[in-house]
Structures are given as C-alpha cells and as structure tokens.
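See below for the structure under consideration.
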Amino acid sequence: MLDNLAQRTETSGMQKLSLQFLVPLFLLIPVSAQDAEPGLAGVWKGEIAAPGRSLEIVLHFHADEQGAWRGSVDTPAQFSFGLLWDEVDWDGKTLKVRSDLAGASIEATLSDSKLEGVWKQRGAEIPMHCERQPTPPAMPDTLARQLLGTWEGVLAVGAVELRLVVGLKAGPGGALTGYMVSPDQSPAEIPMGRVDYGGERLVLLHLATISTTFKVALDDDASSLVGSFTQGGQSFDIALERVSQPTQRKRPQEPQPPFPYLSEEVVYKNAAAGVTLAGTLTLPEGAGPFPAAILITGSGGQDRNEEVFGHKPFWVIADHLTRGGIAVLRVDDRGMGGSSLGNNPGGATSFDFAGDVGAGMDFLQQHKRIAPDKIGLIGHSEGGVIAPIVARDRDDVAFIVLLAGTGVRGDELLVMQNAAIMRASGSDEEAISAACATQRRLFSIVLDSGLSPEGLKERLTVAIQSAEEFKQASAEEQAQGLKTALAQLTNAWMVAFIRHDPAVVLRKVRCSVLALNGELDLQVPFKANLDSIAAALQVAENPDVTTRAFPGLNHLFQHCETGLITEYGEIEETFAIEVLDALLVWIRTRTLPE
Numbered sequence: 001m002l003d004n005l006a007q008r009t010e011t012s013g014m015q016k017l018s019l020q021f022l023v024p025l026f027l028l029i030p031v032s033a034q035d036a037e038p039g040l041a042g043v044w045k046g047e048i049a050a051p052g053r054s055l056e057i058v059l060h061f062h063a064d065e066q067g068a069w070r071g072s073v074d075t076p077a078q079f080s081f082g083l084l085w086d087e088v089d090w091d092g093k094t095l096k097v098r099s100d101l102a103g104a105s106i107e108a109t110l111s112d113s114k115l116e117g118v119w120k121q122r123g124a125e126i127p128m129h130c131e132r133q134p135t136p137p138a139m140p141d142t143l144a145r146q147l148l149g150t151w152e153g154v155l156a157v158g159a160v161e162l163r164l165v166v167g168l169k170a171g172p173g174g175a176l177t178g179y180m181v182s183p184d185q186s187p188a189e190i191p192m193g194r195v196d197y198g199g200e201r202l203v204l205l206h207l208a209t210i211s212t213t214f215k216v217a218l219d220d221d222a223s224s225l226v227g228s229f230t231q232g233g234q235s236f237d238i239a240l241e242r243v244s245q246p247t248q249r250k251r252p253q254e255p256q257p258p259f260p261y262l263s264e265e266v267v268y269k270n271a272a273a274g275v276t277l278a279g280t281l282t283l284p285e286g287a288g289p290f291p292a293a294i295l296i297t298g299s300g301g302q303d304r305n306e307e308v309f310g311h312k313p314f315w316v317i318a319d320h321l322t323r324g325g326i327a328v329l330r331v332d333d334r335g336m337g338g339s340s341l342g343n344n345p346g347g348a349t350s351f352d353f354a355g356d357v358g359a360g361m362d363f364l365q366q367h368k369r370i371a372p373d374k375i376g377l378i379g380h381s382e383g384g385v386i387a388p389i390v391a392r393d394r395d396d397v398a399f400i401v402l403l404a405g406t407g408v409r410g411d412e413l414l415v416m417q418n419a420a421i422m423r424a425s426g427s428d429e430e431a432i433s434a435a436c437a438t439q440r441r442l443f444s445i446v447l448d449s450g451l452s453p454e455g456l457k458e459r460l461t462v463a464i465q466s467a468e469e470f471k472q473a474s475a476e477e478q479a480q481g482l483k484t485a486l487a488q489l490t491n492a493w494m495v496a497f498i499r500h501d502p503a504v505v506l507r508k509v510r511c512s513v514l515a516l517n518g519e520l521d522l523q524v525p526f527k528a529n530l531d532s533i534a535a536a537l538q539v540a541e542n543p544d545v546t547t548r549a550f551p552g553l554n555h556l557f558q559h560c561e562t563g564l565i566t567e568y569g570e571i572e573e574t575f576a577i578e579v580l581d582a583l584l585v586w587i588r589t590r591t592l593p594e
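Residues in the sequence shown are numbered from 1 upward in steps of one, following my numbering.
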C-alpha cells in the first residue's frame, strides 16, 4: 500500500518501446548542526510503518511571507525529493496535509519535537512517526541571485543526447523556485518542488514529479552549473551554461497560419477511468459531415502533437489530412497538457489508454460535422498496439492505420529492438547475443502471469543477482542496478507490454487496415512486425489490408542515415511527405469515394 509518491511522468521519444528509460536516485540533503526552529517550521525525519514494511520519509515545512504554511516530502527509497503538498493546515498543534498527485494525506500532532499520527493513502491508514532534525543552512543571498536565469545543457544517456533547459527564479518569500524542460522529449515545463543549499556553491534542484535531482555547483564567474543529474539508480554528468534564450532547432514542416480549415479546442471525459481529456479537432471548411481520424501517441506521456526532439509529427499529420478533407482529433495523453491523470495514475496500461480512445470515438460521433460511421484510428508505435484493441472491441471503427505498429509479443519486440540498436551502434555480435540472452532470461519471468507482484519481484531479484555481470559490479553498482531493473520490470505498463501479443488481437480485427513502417526503424524493425501483422489479419479473413515499408525512413518516418535515436533531433524533416501522401490517399479512397 506504500505507493510511490511521485507518479512517473514519461516523456516520450526516449522511452518509445524501450527498456532504456530513466528512473530516479537517492540523494541525502545536507543539514547543519544549528538549533531547530520552534513549532512546525523545519525538517522532520521518520517513517511510516505498514505490516512487514516501513518507508523512510522526510518532511519540510515553512511559512511564506503571507503566513500560509507550505511544505514538501521526500521518500528516498522511492527516489522522490521535494514533492509539494497541495494543502498544509497547521493550528499550532495539529497538522493536516494533502497531496493530490500521490493520493496521500497526513493527520498528526506535535509533541516534544515529535510529529506522530497517521499517513493515509489509497484507503490505507498507516502509523507515522517523525522527529525534528537540525535546521539546514540557509542559501546565501548572493548565491541565490547568481542562480537566477535560464540554463541549458546536454544530457548524454547512452547513445542518446537530450537537451535540458532549467529556469530558476525567486519565488514567494525570495526562496528559489523553477522548472526543467527536456525540449527533445516534450515542451512541458516540469516544476521544481524544492531547491536545497548544499554548502559553498552547491545546490540541489529537486523535481519530484519525475523523481529527478540535479546536484550542481555554480562556477566562480556564475556562467555554468556543473555536477550530476540523477534519476533512479543512474547518475549522469551534466553541465549547464547560462543562456539568454534556449536554442531553437529548425523544423520547416511545422504548420504555419493562415490555415484553410477550422480548429476547435475540445474537452471530453472517459468517465469510467475518471479521466478528462483535452485536444484539438481540425475540421475541413464546409458543413460536412466529414470522415475523421483519431491520432494515438506512442509510449510515455505525450502532448497532442506527439512532440519529441522539437518535432510535432501529429500536428504535421493533422494539417496534411485536414487539408485533404479529413477531420482529425489529436489529444493530450493522461497527465499531459489539459488532460488529467485519472483514477490510476501509476498503473495505467495500453488497455486503459484504449478506453481513452473509445471515449474519443464517442465524442466524435456526437459532433454534427463528423460522419459517425467514418471514424478511424491512426496509432504510432504503442498507438499501433492500442488501435487494434479498440477496433477489436468496437464494430464502429471504420479503419485503423498502424504507423510503426508492432506485430510481435512485447518481449520479442524489446529483444529485437535492443539487438537492432546495438548493431547499428557498432556493437559486436558476441555482445549483442549476451545482452539479448540477459533480456530473454528476465522477460521469461515477467511472462509468468501466475506470479503475484511480490513473487515477480522476488524471482527477478534472484535472476538479476545471479548474473555474472552483476556479481562483478561494486556493491554500490549492484544496489543501484537492482533498484533500476526492478523499477523497470515491475512497472505495470511494462509488465502488460511484455506480456501482450498484438497478433492475438489483430486476428479479430475486420475493419480496413493500413500498416506502414520505415525500413531503418530500429525500435520496431519492419520486416518481422509487418509480416506478423499481415499473417494475423489473414487469419481474421480481413478483406482490406495494406502493408508497406518505406526505404530510408526511421521510427519517426524521417529520412535518415542509420535509424539511430541520436539522429532524430538533428534531422530537420519531421515526417516524410511520401508517407503523408500515402496516408491521405488510402483514407480518402475508403471514406470519400469519387
């Protein structure tokens, strides 16, 4: 019942159907030996203790300049630091706090420098005990002023380089606050929960919602921040330089006004999941009714444009199709843009997201300018897994388009993907074979659907610890590596993805299907997946199936050299025009006959 307090917000591009996504790491916040402040203000350390398990927590409280109480919580074992409380109610003795993101609250009383009470989360009430800690040193005013501004750098994660932009400003009472943007993954500003002083010129920037901490020092001329970026069991070097404006990359395909069609900002609900979904509906000019397509993003939280590496492929697709007479609905994923997280923010899978798409179908069918019997689905990557699920479960889906959709079971896809990326990166066949063998061994455990969550974790732990490469690592590397692997392989979305076989679903799909891949796609290798998709639809006796592979295109349908992720952001093209044209012609042929 001790849920992770910071629900992971996956930002796409990086994590599209890949095990190489980032997860968070524990950093101790330095404290001084100064005397503690009276009352609630200060730092409190303790634990919440459920039967058979306890979780360390660190609570931070202060009063702002208006006298209102503010606070945050750290759960080091869950790699979360600085998660802000939405409400802090303190009457001098009794404390009540609430976090909407974590679905958690505290009711406690203060007595003799101890906070004791109950932690409530997901229906459980767990005893909590915390004791006051020495007051941390205050950040010097000079250092705080020097940190203000915009900072930019590059984070190298294996073969991938991601630009990061950090903004720091003075918040209420003069305390530093700020945000981080990973423009190659999403334009969204991720708020900092807390900025801690680490002594001398060292600061710790905590982003609890993505379980991330920057531990960086300001150089003598206040022009760069150098140190580490930590997320999960992994730590990476980072250097941020002061800039007046973040770097902008050229994206010549990004649609520009004036537009020869209408755009409506829309909001609708998936009531069963408690999700509010926000998006943009583009409509050809005229009375209609028009055929329509719903765009479905790939894995990880993405906005309605599926923005990644500064590219906005879904906006490019919507613009092209709508100019051609097709209405297009593109929607923010759960927790992104204007869409809410819903009832199960940490445990949603592709099957849950299929419910969101179904809600989009219901919404469009009520729109007076949409032809209710001519609504189809276009899914990219994981979206190509979700579209067939919806089409199998509903008989009113007019067509589905799978853009780099998968046709093989999740474990097979991830092994295939890893081998393709390693080979394109220059790894030798022996190293590729060893890496794939390790993946298969771990995935075989995840595939056992009879295991309880605890049983899955236990089996994976034994398998990881028995690996030769694990035994040869240092104790610190072992601890971090085990946490990272378990966080990845027991994640609800990942477990469901590994176990899911798209071919089983496709064998029951009878609507028109178009499946397109790039021949240099390393994340969803084209031949095995297109062959499996075609074979499954043949079993379904589907009368209208088209599959096609495009030479020289990668997973994002860009013209490229190698297909490696490192090229995605460097390529100015967002989406190949020949694929856009093929998509439009195919849909028009089936929905707008001459």
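Ideal Cβ positions, reconstructed from N, Cα and C, are used throughout, including at glycine.
Beta bridge counterpart(s) of residue i as assigned by DSSP
i: residue 262; result: 283
i: residue 56; result: 47
i: residue 196; result: 204
i: residue 98; result: 87, 105
i: residue 130; result: 46, 115
i: residue 546; result: 514
i: residue 69; result: 63
Burial state of residue i (16 or more Cβ within 10 Å)
i: residue 94; result: exposed
i: residue 117; result: buried
i: residue 461; result: exposed
i: residue 472; result: exposed
i: residue 345; result: buried
i: residue 583; result: buried
i: residue 291; result: buried
i: residue 577; result: exposed
i: residue 354; result: buried
i: residue 306; result: buried
i: residue 23; result: With a pLDDT of 29 at residue 23, under the threshold of 50, the predicted position of this residue should be treated as unreliable, and no value is reported.
i: residue 75; result: buried
i: residue 548; result: exposed
i: residue 112; result: exposed
i: residue 312; result: buried
i: residue 328; result: buried
i: residue 331; result: buried
CA nearest to the CA of residue i, picked from the options
i: residue 538; options: 519, 524, 504; result: 504
i: residue 165; options: 115, 200, 248; result: 248
i: residue 177; options: 169, 495, 184; result: 169
i: residue 280; options: 360, 416, 484, 156; result: 360
i: residue 457; options: 429, 481, 487; result: 487
i: residue 57; options: 127, 89, 51; result: 127
i: residue 68; options: 83, 52, 91, 59; result: 91
i: residue 271; options: 343, 254, 135, 224; result: 343
i: residue 210; options: 500, 167, 79, 519; result: 79
i: residue 205; options: 422, 548, 167, 363; result: 167
i: residue 140; options: 180, 197, 104; result: 197
i: residue 200; options: 120, 186, 220; result: 220
i: residue 601; options: 46, 513, 380; result: As shown, the chain starts at 1 and ends at 594. That puts residue 601 outside it, with no answer to give.
i: residue 245; options: 151, 145, 574; result: 151
i: residue 391; options: 451, 506, 226; result: 506
i: residue 183; options: 121, 352, 232, 153; result: 153
i: residue 356; options: 276, 318, 102; result: 276
i: residue 373; options: 337, 394, 436; result: 394
Under 8 Å between C-beta atoms of residue i and residue j
i: residue 97; j: residue 87; result: yes
i: residue 229; j: residue 155; result: yes
i: residue 416; j: residue 525; result: yes
i: residue 569; j: residue 236; result: no
i: residue 234; j: residue 438; result: no
i: residue 298; j: residue 412; result: no
i: residue 599; j: residue 586; result: As shown, the chain starts at 1 and ends at 594. That puts residue 599 outside it, with no answer to give.
i: residue 293; j: residue 339; result: no
i: residue 542; j: residue 529; result: no
i: residue 500; j: residue 385; result: yes
i: residue 533; j: residue 405; result: yes
i: residue 540; j: residue 509; result: yes
i: residue 288; j: residue 370; result: yes
i: residue 283; j: residue 401; result: no
i: residue 378; j: residue 398; result: no
Closer than 7 Å: residue i CB and nearest the ligand ADP heavy atom
i: residue 90; result: This structure simply doesn't include the ligand ADP, nor any ligand for that matter.
Open item on the list: If we require 4 or more residues per run, which alpha helix (DSSP H) segments fall completely within the segment 200-254?
Closed with: none
TODO: Enumerate, from N- to C-terminal direction, the unbroken alpha helix (DSSP H) stretches of 4 or more residues contained entirely within the segment 476-517.
DONE: 492-499, 502-506
Task: Contiguous alpha helix (DSSP H) assignments of at least 4 residues, all confined to the segment 264-352 - done: 313-323
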